[in-house]
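See structure below.
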Amino acid sequence: LRIAPPEAPVTGYDFGKGVYFADMFSKSADYCYSRTSGSRFGVLLLCE
Numbered sequence: 001l002r003i004a005p006p007e008a009p010v011t012g013y014d015f016g017k018g019v020y021f022a023d024m025f026s027k028s029a030d031y032c033y034s035r036t037s038g039s040r041f042g043v044l045l046l047c048e
């Protein structure tokens with residue numbers, strides 16, 4: 001991981017900058033989106 005450059009969009013940090021984990025798919029799915037507006041695809045990393 002790298003520190004985001006100053007020109008990167010900021011969407012909010014609930015608990016500061018970092019990687020967030022959740023125990024429910026629906027919670028994580030709310031944060032998965034594509035940078036292209038109108039795109040129907042997103043990315044979700046599943047960890048065990």
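Numbering of the sequence shown is given in UniProt numbering, commencing with residue 1 and proceeding in unit increments. No residue lacks a Cβ here, since even glycine has one placed at the ideal position from N, Cα and C.
Could you pull out every residue in the same chain whose Cβ sits closer than 6 Å to the Cβ of Pro9, ignoring the five residues on either side in sequence?
Excluding sequence positions up to five before and after Pro9, its CB lies less than 6 Å from no other CB in the same chain.
Helix, strand or coil for Phe25 per DSSP?
helix
Rounded to whole angstroms, what's the CA-CA distance from Arg40 to Phe25? Just pull it up for me.
18 Å
Tell me the rounded alpha-carbon separation between Leu44 and Ser28.
8 Å
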